[in-house]
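Report on the structure given below.
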Amino acid sequence: MNKMLDPKLFRNDIEATAAQLAKRGFSLDTALLIDLEEQRKAFQIKTQELQNQRNTRSKSIGQAKARGEDIQPLLAEVSQLGADLDAAKTEQDDVLAKIDDILSAVPNLIDHSVPDGASEDDNVEIKRWGTPRIFDFEVKDHVDVGAGIGNGLDFESGAKLAGTRFAVLRGQIAKMHRALAQLMLDVHTEEHGYQEMYVPYLVNQDSLYGTGQLPKFGEDLFHTDLSNKKFSLIPTAEVPLTNLLRNEIVEETELPIKMCAHTPCFRSEAGSGGRDIRGLIRQHQFDKVEMVQIVKPEDSFTALEALTGHAEKILERLELPYRTVILCTGDIGFSATKTFDIEVWLPAQNTYREISSCSNMGDFQARRMQARFRSTETKRPELLHTLNGSGLAVGRTLVAILENYQQADGSVKIPTALQPYMNGLTQIG
RNA sequence: GGUGAGAUGGCUGAGUGGUCGAAAGCACUGGUCUUGAAAACCAGCAAGGGUUUAUAGCCCUUCUAGAGUUCAAAUCUCUAUCUCACCGCCA
């Protein structure tokens, strides 16, 4: 049962829901769904009625037997019931499967504040921070800069060991990569109130359903193929962190829950064709520090602003120019109600490139996971809201530093905030 | 990897075919009592779904998960997962 949106939306307010979905270019077959819904109702009532009969008959058989009466006539009465029930149940399951097929493909509803648009070209810039540096020499891209520092960025070796879209980091570059993750974790835990977590990098299928990678996006992931067990490599720490709440009911007083983790992430990049084939931008394996917040429904949009600010703070610490955009209705992800992308300036590409994506998932993931809190007011369980954001993608941050801080002689200055994590070094190469 | 024992409500823990959604205790909530609190006593207290204006009633489902036997399954059978203990192995 892949409930994603509230089923009641499709029963009580289907036209309005369809209109909402149309905003992101999703067309809902309302006539079909209304028809299926009528069938569902009929079959479900029929099935439950038969179950009710079976239960009461069985009970009376038990009572008769306890009194020592002859059971045979009663057994004859119920002989047909089993077959009828099976038939009704098959009909019901059939309709439910059809409905499920449709609903599991339905994306989340978009928040009103999200701008209309067809593609990423229509995303709206809402903030710009820092000024791109003017270079008095020809800028190299990060691949060349990294290669020049002790062969610190080595894609040939990555290809040799694993294949395309893998890299080997060496020496000072590898150290800087590690230093960046340390800095990010320290800022989020010490200044932004997140609890540091260490989590599995392989997860089970239930977890992938919980955060929405399955059933629709399985081809984006790497899956292990053991005889009796199926694990998948996490595409982001959002999966293990958010799934900690799966099938849990937390007390309202425990909220908000703020967690962060530094993990590798694995993505098959099945749909990305030949894009970004050069360099560290799009790899099958990359490191990321992820932030996740679990909040009360009424707090989630405020939390999204805060969480985005936490990601921005890292770039400000590193003095890397960036801009923040709000994804338009045509570019926003499947599970999100609203998403901010943070894009860092890359001088070699003369453009801003995504380095963080911060989303409010609303109750979409929580519904699939049955992640709830007990309201102190009503005493009843209610769905939580989940948010996540990169804070930041470590590999891409490394790229940004190599490009923005490169010098004419091929060396790279180390941002002041990062120097304590690099034994006080002020430059590498 | 081997052998054995387990998995029950927020927690502990009864329950080996029938009125069990499930004893009891703890925790929690409300009440009585009290100047107040505690104690004591009384009462309530799972989740999901359907129907419904309803967080009222009524009904269905759920005792790790999935399949099976039966008129009837927490209870019997099979499979999987997880936990614990001991042995082996190992970072």
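Its first residue numbered 10, the first sequence is counted upward by one per residue in the working numbering.
The beta carbon of each residue, even a glycine, is placed where N, CA and C say it ideally should be.
Please list the terminal residues of the continuous beta strand (DSSP E) segment that includes N359.
Within the first sequence, residue 359 is the residue found at index 350, counting from 1. According to the DSSP assignment, N359 belongs to no beta strand (DSSP E), since it is labelled neither H nor E.
DSSP three-state call for P273: helix, strand or coil?
As a working mapping, residue 273 is identified with position 264 in the first sequence. In this structure, P273 counts as strand in the three-state DSSP scheme.
By the three-class DSSP mapping on this structure, what secondary structure does V421 have?
To locate residue 421, count along the first sequence from 1; it is residue 412. Strand.
Distance check for A114 and R49, CA to CA, integer angstroms please.
As a working note, residue 49 is residue 40 in the first sequence. As a working note, residue 114 is residue 105 in the first sequence. Taking the CA atoms as reference points, R49 sits about 19 Å from A114.
Alpha carbon to alpha carbon, what distance is there between M206 and L250?
Along the first sequence, one-based indexing puts residue 250 at 241. Along the first sequence, one-based indexing puts residue 206 at 197. Those two C-alpha atoms are separated by around 8 Å.
Which runs of the beta strand (DSSP E) spanning at least 3 residues fall entirely within the segment 242 to 323, listed in chain order?
Runs of the beta strand (DSSP E) inside the segment 242 to 323: 258 to 260, 266 to 275 and 294 to 304.
Are the CB atoms of K98 and L45 within a distance shorter than 8 Å?
Translated into the one-based positions of the first sequence, residue 45 becomes position 36. Translated into the one-based positions of the first sequence, residue 98 becomes position 89. No, these two residues do not count as a Cβ contact at 8 Å.
What is the rounded straight-line gap between the Cα of M10 and the Cα of I111?
Locating residue 10 in the first sequence gives position 1, counting from the first residue. Locating residue 111 in the first sequence gives position 102, counting from the first residue. Here the model assigns M10 a pLDDT of 45, short of 50, so the residue's position is not dependable and the matter cannot be decided.
Any contact between the segment 320 to 334 and the segment 394 to 412? By contact I mean 3 or more CB pairs, one from each, below 8 Å.
They touch, by the three-pair rule.
Pull up the DSSP beta-bridge partners for M206, would you.
Position 197 of the first sequence holds residue 206. Looking at the DSSP output, M206 shares a beta bridge with A270.
Would you call the segment 220 to 235 and the segment 368 to 386 in contact, with 3 or more CB pairs under 8 Å?
In this structure the segment 220 to 235 touches the segment 368 to 386; the number of beta carbon pairs closer than 8 Å is three or more.
Measure the alpha-carbon distance for G342 versus D15 and round it to whole angstroms.
Indexing the first sequence from 1 puts residue 342 at position 333. Indexing the first sequence from 1 puts residue 15 at position 6. Near 18 Å, if we compare the C-alpha coordinates of D15 and G342.
Distance between beta carbons of G398 and S365, contact taken as under 8 Å:
Taking the first residue of the first sequence as 1, we reach residue 365 at position 356. Taking the first residue of the first sequence as 1, we reach residue 398 at position 389. Rounded to whole angstroms, the Cβ separation of S365 and G398 is 6 Å, and the two are in contact under 8 Å.
Consult DSSP for D218 and reduce its assignment to one of helix, strand or coil.
As a working note, residue 218 is residue 209 in the first sequence. The question names Asp, but residue 218 in the sequence shown is Tyr. Collapsing the DSSP output to three states places Y218 in a helix.
Applying the criterion that 16 or more other CB atoms from any shown protein chain within 10 Å of the CB defines a buried residue, is L401 buried or exposed?
Position 392 of the first sequence, counted from the start, is the residue given in the question as residue 401. Burial call: buried.
Whose CA, out of Y203, I423, T198 and F240, lies closest to the CA of P209?
As a position in the first sequence, residue 209 is number 200, starting the count at 1. Restricting attention to Y203, I423, T198 and F240, the CA atom closest to the CA of P209 is found in F240.
Do the segment 291 to 299 and the segment 246 to 265 make contact, defined as three or more Cβ pairs closer than 8 Å?
Contact holds between the segment 291 to 299 and the segment 246 to 265, because three or more Cβ pairs, one in each stretch, are under 8 Å apart.
Rounded straight-line distance, which links the Cα of N117 to that of N21
The count along the first sequence starts at 1 and reaches residue 21 at position 12. The count along the first sequence starts at 1 and reaches residue 117 at position 108. Cα-Cα distance, rounded: 17 Å.
Nearest CA to the CA of K305: which residue from E261, D340, I286 and R291?
Residue numbering aside, residue 305 sits at position 296 when the first sequence is read from its first letter. The shortest C-alpha separation from K305 is found at E261.
Can you name the residues that DSSP bridges to I437?
Looking up residue 437 in the first sequence gives position 428. Bridge partners of I437: V421.
A357 and D150 - do their beta-carbons sit closer together than 8 Å?
On the first sequence, residue 150 is found 141 positions in, with the first residue counted as 1. On the first sequence, residue 357 is found 348 positions in, with the first residue counted as 1. Their beta carbons are under 8 Å apart, which means D150 touches A357 by this criterion.
Which partner residues of A409 appear in the DSSP bridge assignment?
Working through the first sequence from its first residue, we reach residue 409 at position 400. Paired residue(s): none; A409 is not in a bridge.
Counting pairs of Cβ atoms below 8 Å between the segment 347 to 354 and the segment 118 to 130, do you hit three or more?
Judged by Cβ distances under 8 Å, the segment 347 to 354 makes contact with the segment 118 to 130, as three or more pairs qualify.
Is the CB-CB distance between L313 and L392 below 8 Å?
What you label residue 313 is simply residue 304 of the first sequence in a count that begins at 1. What you label residue 392 is simply residue 383 of the first sequence in a count that begins at 1. No. Outside cutoff.
Assign K267 to one of two classes, buried (16 or more other C-beta atoms within 10 Å of its C-beta) or exposed (fewer than that).
Counted from its first residue, the first sequence places residue 267 at position 258. Buried, since its Cβ has 16 or more Cβ neighbours within 10 Å.
What's the gap between the Cα of R332 and the Cα of Y361?
Numbered from 1 along the first sequence, position 323 holds the residue referred to as residue 332. Numbered from 1 along the first sequence, position 352 holds the residue referred to as residue 361. Using only the alpha carbons, I get a separation of about 7 Å.
Suppose only complete runs of 4+ residues qualify. What are the alpha helix (DSSP H) ranges in the segment 24 to 78, listed by chain order?
Segments of the alpha helix (DSSP H) lying fully in the segment 24 to 78: 39 to 75.
Quick check: what's the CA-CA separation for R33 versus Q214?
Residue 33 sits at position 24 when you count from the first residue of the first sequence. Residue 214 sits at position 205 when you count from the first residue of the first sequence. Each residue's alpha carbon lies about 28 Å from the other.
Sequence-distant residues of the same chain with beta carbon closer than 7 Å to E352, five excluded per side:
In the first sequence, residue 352 corresponds to position 343, counting from 1. Cβ within range, chain order: Y331, R332, V334, Y361, R362, E363 and I364.
Whole-angstrom distance between F164 and A156, CA atom to CA atom:
One-based indexing of the first sequence puts residue 156 at position 147. One-based indexing of the first sequence puts residue 164 at position 155. Taking the straight line from one Cα to the other gives about 9 Å.
Which partner residues does I335 have in the DSSP bridge list?
Taking the first sequence and counting its residues from 1, the one referred to as residue 335 is at position 326. V133 and F349.
From N160 to L18, what distance separates their C-alpha atoms?
For the purposes of this step, residue 160 is taken as the residue at position 151 of the first sequence. For the purposes of this step, residue 18 is taken as the residue at position 9 of the first sequence. For N160 and L18, the distance between alpha carbons rounds to 57 Å.
Identify whether T198 lies in helix, strand or coil by the three-state DSSP scheme.
Along the first sequence, read from residue 1 onward, the residue named residue 198 stands at position 189. Residue state, collapsed to three classes: helix.
Of all the options L427, I437, V177 and Q415, which has the alpha carbon lying nearest to the alpha carbon of R142?
Within the first sequence, the letter at position 133 stands for residue 142. Taking only the C-alpha atoms, the option nearest R142 is Q415.
Considering only residues of the same chain and omitting the five flanking positions on each side of I23, which have a CB-CB separation below 6 Å?
Position 14 of the first sequence, counting from 1, holds the residue named residue 23. The residues are T39.
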